[in-house]
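In the numbering used here, the protein residues as written are 718 to 1059. No residue lacks a Cβ here, since even glycine has one placed at the ideal position from N, Cα and C. Nothing here was measured: the structure is a model prediction, and the numbers come from that model.
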Ligand code: HEM
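This is the structure we're talking about:
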């Protein structure tokens, strides 16, 4: 598996049996069944690229983590999500009303970014002007998450995190500085990733345009096909046999999430985008004990913004090539300059 990024692809490398990568000093998993089993294993714990337990960053122990999960789930109750959805829908509609069809627009900076920023301030309960001033710090954390092997980005991110933390005082831990970064930075990048395949496959865009009720299902397929998370890390707390590999206590593992999402042993025609695909079970939000507790909020935003876009325009034609940004953690188009046709 190629851990760095190469070429214009969301899904580099190849799927193979579990093996030990000497350069990374870690086991590498890329088959769907292996990555899914690693997510479910009680002996494997989320860590950063250098093996520091992730748990320590947000909560001190497992009991606190479970409390954080349950507080976040309560804070994201359907009625609350509905209120935020109404707010972002209004803003998204206003922006779309003003977007020209006579000249190119950048869907990332003109549409995704401002709506995600509004959602970030709503969900973390912080004034929009304050949110604006914090974006530069959030961007530093996001850059480090996008390329987790870069030590200088990690150092900058640490300082930015300390600064950000001072601005978030209330609400569940997951909806403070880390939630702000996820919503203001990660979410627009995820939107860019899921819109790109639709732009490149105008037939699928048009299909959604005429059948926008398919959007929630299409989003699951797009999360599988073009999800943002490429790799995650684990550390073993005890020796285990893992699909023929003897993993020892303290060993590190790299989970190839985007590769597993394209595993032909699990998904029929995995490199084919089929927005009506059923039973998708992608791994883009993790699964099991540590699955993403913010997933309902992210799904709401992905569906709302995509629905409004595809319903209004029957085509978005790429007007200008774009640069890929990010790195081995996640990778995304820096801009999506398109000509919209309604
Ligand atoms: C586009 C944005 C997001 C993406 C791509 C994303 C992705 C993920 C993934 C893949 C995991 C699993 C990590 C692992 O197994 O090692 C995860 C966990 C987590 N996510 Fe998200 N997430 C996003 C937004 C959010 C938001 C907005 C929140 C806050 C509400 C959030 C809170 C969490 C928490 C707290 C965990 C760890 C749960 C645990 O260890 O028990 N995420 N996320």
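For residue i, which of the options has the nearest alpha-carbon?
i, options, result
"residue 783", "1005, 894, 947", "1005"
"residue 889", "988, 1016, 793", "793"
"residue 951", "756, 924, 731, 736", "756"
"residue 900", "842, 1027, 872", "842"
"residue 906", "1053, 753, 1010, 742", "1053"
"residue 949", "967, 935, 1002, 859", "1002"
"residue 1014", "811, 799, 827, 744", "799"
"residue 1007", "753, 860, 745", "753"
"residue 763", "902, 970, 984", "970"
"residue 807", "832, 975, 1016", "832"
"residue 788", "836, 893, 872, 870", "893"
"residue 936", "847, 790, 1024", "1024"
"residue 738", "972, 860, 1034", "972"
"residue 1034", "854, 995, 917, 786", "917"
"residue 836", "811, 856, 801", "801"
"residue 1030", "813, 999, 1016, 883", "813"
"residue 744", "1016, 1026, 1000, 961", "961"
"residue 834", "868, 891, 896", "896"
"residue 861", "871, 855, 853, 854", "871"
"residue 781", "855, 884, 891, 976", "891"
"residue 904", "1012, 759, 795", "1012"
"residue 955", "733, 996, 741, 759", "759"
"residue 732", "887, 975, 968", "975"
"residue 867", "986, 766, 1016", "766"
"residue 1020", "809, 953, 885", "809"
"residue 1028", "816, 924, 845", "924"
"residue 761", "966, 873, 996, 883", "966"
Where do the N-terminal and C-terminal ends of the alpha helix (DSSP H) with residue i fall, by residue?
i, result
"residue 857", "845-863"
"residue 927", "919-927"
"residue 811", "795-815"
"residue 750", "749-757"
"residue 782", "779-792"
"residue 743", "No alpha helix (DSSP H) contains residue 743, which is instead part of the beta strand (DSSP E) from 743-746."
"residue 840", "830-840"
"residue 897", "894-898"
Taking 7 Å as the threshold (beta carbon to beta carbon), is residue i in contact with chain B?
i, result
"residue 969", "In summary, chain B is missing from the structure at hand, where a single protein chain is found."
Measure the beta-carbon distance from residue i to residue j and round it to whole angstroms, keeping in mind my assumption that it falls under 8 Å.
i, j, result
"residue 1018", "residue 805", "7 Å"
"residue 929", "residue 1032", "The Cβ separation is near 14 Å, so there is no contact."
"residue 1051", "residue 1042", "4 Å"
"residue 859", "residue 827", "Contact flag wrong, Cβ pair sits at about 19 Å."
"residue 922", "residue 915", "4 Å"
"residue 840", "residue 1022", "That belief does not hold up - the Cβ atoms of residue 840 and residue 1022 are roughly 15 Å apart, past 8 Å."
"residue 856", "residue 881", "Between residue 881 and residue 856 the Cβ distance is about 11 Å, and since that is not below 8 Å, they are no contact."
Starting from residue i and walking both ways along the beta strand (DSSP E), at which residues does that stretch end?
i, result
"residue 1061", "Given a span of 718 to 1059 for the chain in the structure shown, any question on residue 1061 remains unanswerable."
"residue 761", "761-764"
"residue 704", "The displayed coordinates of the chain run from 718 to 1059. Any statement about residue 704 would go beyond what the structure contains."
"residue 738", "736-738"
"residue 1043", "1041-1043"
"residue 825", "Taken as a continuous stretch (DSSP letters only), residue 825 belongs to no beta strand (DSSP E), as it is neither H nor E."
"residue 1056", "1054-1058"
"residue 1035", "1032-1035"
Given 8 Å, three or more beta-carbon pairs between the region 935-943 and the region 904-920 = yes
request  = Report yes or no: do the region 944-955 and the region 1036-1056 share at least 3 C-beta pairs separated by less than 8 Å?
outcome  = yes
Stretch-stretch touch, CB-based, cutoff 8 Å, three pairs: the region 736-750 with the region 979-988 = yes
Beta strand (DSSP E) runs contained entirely in the region 937-1016, provided each spans 3 or more residues = 948-953, 957-959, 962-964, 969-973
request  = Flag this pair as touching only if the region 865-880 and the region 984-1001 have three or more C-beta atom pairs under 8 Å; answer yes or no.
outcome  = no
query = Is the region 816-825 close to the region 1048-1058, with three or more CB pairs under 8 Å?
reply = yes
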